[in-house]
Amino acid sequence: MSNRPALPAGLRLDARKTASLQCPLRTAPAPRIAVLAIDQGSGEAAEPIVTVGTRVGIGTPIARAASNAATDLHSPIAGVVVEIATRSTVAGVGRCILIENDATDARDPALAPVDWRALDGVTLLDCLRKAGIAGLGGAAFPAAGKLALARANAVAHLVLNGAECEPWICCDDALMRERAADVVLGGQVMLAASGATRCTIAIEDDKPEAIAAITAAIAAEQDDRVELVELPALYPLGAERQLIEAITGREVPHDALPPTIGVVCQNVGTAAAVARFVGTGEPLVSRIVTVTGSGVACPGNLEVRIGTPIADLVAACGGYQGDPARLIVGGAMTGRSLTSDLVPTTKGVNCIFAATLADLAVRDPEMPCIRCGDCATACPARLLPQQLHRAALADDRDALARLGLADCIECGCCDYVCPSQIPLTARFHAARLRMQLHDAERRRATEARERFERHERRLAEQAAAERLAFEDARRRARGAGPP
Amino acid sequence: MPAMKFRVAAPPHVIAGFTVPRVMFQVLLALVPFAVVHVWLFGPALLLQLGVAAVTALGCEALALRLRGRPMPQFLRDGSVLVTAALLAVSVPPLLPWWLTAFGTAVAVLLGKHAYGGLGQNPFNPAMVGYAVLLVSFPVEMTRWPVPGPEWDAVSGATALDALRTGLAQSYTMQEILADPAFGRVGAAGGEWLNLAALLGGTYLLLRRVIRWQIPLAMLAGLALPAALMHAIDPGAYAGALFHLASGATMLGAFFIATDPVSAATSDRGRLYFGAGIGVLTWIIRSWGGYPDGVAFAVLLMNLAVPLLDRYTVPRIHGHRGR
Amino acid sequence: MSVTTLLPAVGLAAGLAATIGAALGWAASRLRPDAGSLVEQIDALLPQTQCGQCRYPGCRPYAEAIASGTADIDRCPPGGEATVRSLAALLGRAPIPVDPQFGPTKPRQVAVIDEERCIGCALCLPACPVDAIVGAPRFMHTVIEAQCTGCELCLPPCPVDCIELRLTADLPG
Chain X
1 MSNRPALPAG LRLDARKTAS LQCPLRTAPA PRIAVLAIDQ GSGEAAEPIV TVGTRVGIGT
61 PIARAASNAA TDLHSPIAGV VVEIATRSTV AGVGRCILIE NDATDARDPA LAPVDWRALD
121 GVTLLDCLRK AGIAGLGGAA FPAAGKLALA RANAVAHLVL NGAECEPWIC CDDALMRERA
181 ADVVLGGQVM LAASGATRCT IAIEDDKPEA IAAITAAIAA EQDDRVELVE LPALYPLGAE
241 RQLIEAITGR EVPHDALPPT IGVVCQNVGT AAAVARFVGT GEPLVSRIVT VTGSGVACPG
301 NLEVRIGTPI ADLVAACGGY QGDPARLIVG GAMTGRSLTS DLVPTTKGVN CIFAATLADL
361 AVRDPEMPCI RCGDCATACP ARLLPQQLHR AALADDRDAL ARLGLADCIE CGCCDYVCPS
421 QIPLTARFHA ARLRMQLHDA ERRRATEARE RFERHERRLA EQAAAERLAF EDARRRARGA
481 GPP
Chain L
1 MPAMKFRVAA PPHVIAGFTV PRVMFQVLLA LVPFAVVHVW LFGPALLLQL GVAAVTALGC
61 EALALRLRGR PMPQFLRDGS VLVTAALLAV SVPPLLPWWL TAFGTAVAVL LGKHAYGGLG
121 QNPFNPAMVG YAVLLVSFPV EMTRWPVPGP EWDAVSGATA LDALRTGLAQ SYTMQEILAD
181 PAFGRVGAAG GEWLNLAALL GGTYLLLRRV IRWQIPLAML AGLALPAALM HAIDPGAYAG
241 ALFHLASGAT MLGAFFIATD PVSAATSDRG RLYFGAGIGV LTWIIRSWGG YPDGVAFAVL
301 LMNLAVPLLD RYTVPRIHGH RGR
Chain F
1 MSVTTLLPAV GLAAGLAATI GAALGWAASR LRPDAGSLVE QIDALLPQTQ CGQCRYPGCR
61 PYAEAIASGT ADIDRCPPGG EATVRSLAAL LGRAPIPVDP QFGPTKPRQV AVIDEERCIG
121 CALCLPACPV DAIVGAPRFM HTVIEAQCTG CELCLPPCPV DCIELRLTAD LPG
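Chains as they are written, first to last, in the numbering used here: chain X, 1 to 483; chain L, 1 to 323; chain F, 1 to 173.
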């Protein structure tokens, strides 16, 4: 156990995780038709490498990443590809590969465990890339890409994020309680892949069982490179930059990534997925998802195949109960609200929250800002939300940039404390989109102007060259010789 | 099974549930000790003042909301105008003619708040706007305080700060001035109890996190430090720090008036400067100015400086190097 | 109050007013923001389409006209309402609608050459103000989509009308 350096601001929230942690981890039934979004949430596409009619087993690759920001995709079930079509997913509307389950649950015979200790770091990274391991903390960014960046920056410190600060989400807690050894092994593999020399597993202090399990797992491994750090249960201490500040005491510069200060951060779920891959050869095809809320009969944590419709998961937890008012993917503070439960899960879905009105806060009508400053006290990015709000209402782009709108992590802390019930997070999100559009427009216009100026210069030079040539020819025609 | 349909909403999906009426109610609650001591010292006239001010304030607010076309029930219930009325009522002399209190409240609500756009938009503290207008327009009535004490007979007497100012102007030394019955052990005769009650209420607000510590602490420091310094240099001509802290509207100003969030600075550092400025200006006006108590004008002057303070005290954002 | 007490007060006030007024007038003429920088600021708000719909040969000449007061801010259809608003904010005026005589405001579009019909005459190459068309005589011409500003200046020179404008949203990819 290490001591804790200075902490950023945060809120103590009601965790609401007990109900979902009462039962041990269950496995959700495999879906009848798995719907795999080709864009798993990172915004970058992959290319399908199967066609309609291809037979696949669990773990068969079905799409290759087209850029460094996308991950390879693998089939979570055994069956036949029935369709490649546009469908609605959690990540939006996009192209999906639909696979029909043939109930054999057969694994792809090509899968084999990886002797990771025998591989060098770069080869290990390549294996992880091909295994489609994505950040399971929600962003679904390729883990191999992050670790490669860490290697390129000679990062020494790997942080495994087990903080899980957001209310209602407890999939990482369940994972750490029951598969602590996997988390530690995954950490060791990531150390080898990234070249880091120190691994810190960060857990909030409201998870004593998880802390005990991880401590035991670290002791069993007898690897003194791996340590556990307890953090206070503050939201949003699990946000990457805030977590790094809490553990190392250093802030990641706003215009750079964590590897530039020698730290790389991964979710504990990602580490467990890495461990499963090296142990069995199985790429990322399933993950733990919390299904919770007062609108679910038996909330709990499930091992879920990627691409399972959310309705199936709720049914696996006893179905709906009461009158669920909102279906949220994610937690209470940053979760996205869905219209329908037929949407399939992606690699980044960590929690399905079927909320009744009792779980939610009904807001009063919005009042004007009374400048109380509670939002600034709560902001983990040390912004001034009330000033940002004024600037957002006035659409004053200069002020928004100066006040740091780009640094807002949209955690919802300011909304939470505002006595005037102003929907600050939504306003800032809209303002950021407007600013991004405007910035893109201005960039285009500036490039067009530069090209135009080059065009004019070229024409002027051509005209000057022609004039010189003409005078030269005239001189020679008069027999005067060069000047 | 038919598909479930859900309504959508933007995150966050939970909030703390703090509301403006709750904040305002806490402030009113914290004023109760002050009001009780006030009534004990000066008689029940305060209750009449509070009543007049509250009724006028609600009436003016309703009128202004109707004229501006804003939703009346929501804004009338938010309690902010009651806080303005209460602060004004406890600041004016208890025997002020009721129509002057009503006039001052009307000025505070209509001119000090709604002329600028209503809740959250006023650059000046509305109660102090009303008080300042009354003080400047009706100086005699506004400085006629009864003698504090359990016998509510004597109508006219100088307040301690008043006695201090006139005494110094007449070149009496501090020791001679302090012998005047207007003074108690520490500060003004009744005033020290009033300040203690306000301190009590203020501490309650601090503990309940309704106000933050920057403004009160800075104001009290800004008042006490120059006072202590000048008192050390020339004890005969300047009152000491404890006297200033225990006299006049010091504690009321520090915890209730200067902390009005709408007209105060935004950032923590800005609030420190804001509070310190109020404290120093109060001391200057008390020691060298033309009015016995300077809190109202000090607050209004620092309200003027708030946009500047906000502009130049933006805190360093996480991940940015120095601003 | 007698005249003897009034006169000095009035005189002092009048003198102060005159002095401060003179100082402000001097500042207005001597410390005027550089006209050049105003043109830069206006030019920075224009969409840089270089289409000439404003009847000026490019965005920069139009910016100079606005700065000198020769032209009003409602002449830029590609910039549309957003540009008018930002110009109005910069110059402290009220925004006005884009004058339809200078052209309709269209959504963002790019020129696309139909390669089946292109004859390789190279007449469109010099017409493009940002050199977004690549090609050579007798070789296929094509528009670089990312660099096309949608100014439509390449349409008139084409003898076979093989260039059409498409909304960026409709293009694949």
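By construction, the Cβ of each residue, glycine as well, lies at the ideal position given by its N, Cα and C atoms. Just so we're clear, the structure is a prediction, and the values are computed from it rather than from any experiment.
Taking C-beta separations shorter than 8 Å and ignoring five residues to either side along the sequence, the partners of V314 of chain X in its chain run V291, V296, Y320, D341, I352, A354, following chain order. In the DSSP assignment, P48 of chain X falls within the unbroken beta strand (DSSP E) covering 46–48. Contact with chain X is absent for L46 of chain L, since none of that chain's Cβ atoms lies less than 8 Å from the residue's Cβ.
At a cut-off of 8 Å, the C-beta of R7 of chain L has a neighbouring C-beta in chain X. Closer than 8 Å to the CB of R449 of chain X there is at least one CB belonging to chain F. A contact between stretches requires three or more CB pairs, one per stretch, nearer than 8 Å, and the segment 410–429 of chain X meets this requirement with the segment 368–386 of chain X. By the Cβ-count criterion, Q462 of chain X is exposed, with fewer than 16 other Cβ atoms from all chains shown falling within 10 Å of its own Cβ. Counting along the chain, Q387 of chain X sits inside no beta strand (DSSP E); it lies in the alpha helix (DSSP H) bounded by residues 385–394. In the DSSP assignment, R326 of chain X falls within the beta strand (DSSP E) that extends over 326–329. Membership of G300 of chain X in the beta strand (DSSP E) is indicated by the continuous run 300–305.
By the Cβ neighbour-count rule, G479 of chain X is exposed, with fewer than 16 other Cβ atoms within 10 Å of its own. Counting only runs of at least 4 residues, the segment 361–436 of chain X fully encloses the following alpha helix (DSSP H) elements, listed from N- to C-terminal order: 374–378, 385–394, 397–402, 413–417.
Looking at the DSSP output, A37 of chain X bridges to X:C96.
Taken atom to atom, the span from the alpha-carbon of V329 of chain X to that of N350 of chain X is near 8 Å. Using a CB distance cut-off of 8 Å, V134 of chain F does not count as an interface residue toward chain X. Of the candidates L:L242, L:A237, L:T19, L:T19 places its Cα closest to the Cα of G79 of chain L. Between A122 of chain F and G135 of chain F, the C-beta spacing is below 8 Å.
Residues of the same chain with a CB within less than 6 Å of the CB of H254 of chain X, apart from the 5 flanking positions on each side, are D407 in chain order.
Contact annotation: E47 of chain X and R26 of chain X have beta-carbon atoms that are not nearer than 8 Å. Burial state of D182 of chain X is buried, judged by a 10 Å Cβ sphere holding 16 or more other Cβ atoms.
Annotation: the continuous alpha helix (DSSP H) that includes C60 of chain L extends over 45–68. Within the model, the alpha-carbon separation for E40 of chain F versus V299 of chain L is close to 43 Å.
Contact residues of the segment 434–448 of chain X toward chain F are H438, E441, R442, R444, A445, T446, E447, A448 (C-beta to C-beta distance below 9 Å). Between Q50 of chain F and T149 of chain F, the C-beta spacing is below 8 Å. Excluding five sequence positions before and after A193 of chain X, the CB atoms of its chain that fall closer than 7 Å to its own CB belong to G121, L124, L125, L128, L147, given in chain order. Contact between A143 of chain X and G41 of chain X is ruled out by a C-beta separation of about 14 Å, above the 8 Å threshold.
Among the bridge pairs identified by DSSP, L199 of chain L is matched with none. For A237 of chain L, no alpha helix (DSSP H) encloses it, and the DSSP letter there is neither H nor E. Ranking L:M24, L:W98, L:L50, L:V36 by CA distance to the CA of L76 of chain L puts L:M24 first.
Counted as a single uninterrupted DSSP element, the beta strand (DSSP E) harbouring F353 of chain X occupies residues 351–355. Contact between G202 of chain L and F255 of chain L holds: their C-beta atoms lie close to 3 Å from each other, under 8 Å.
Looking from the CA of W283 of chain L, the closest CA among L:M219, L:R271, L:L29, L:I257 belongs to L:M219. Boundaries of the beta strand (DSSP E) harbouring N161 of chain X: 157–162, taken from the DSSP string. Per DSSP, E230 of chain X is one residue of the beta strand (DSSP E) stretching across 226–231. Listed as beta-bridge partners of E164 of chain F by DSSP are F:V112. The C-alpha of G53 of chain X lies about 26 Å from the C-alpha of A311 of chain X.
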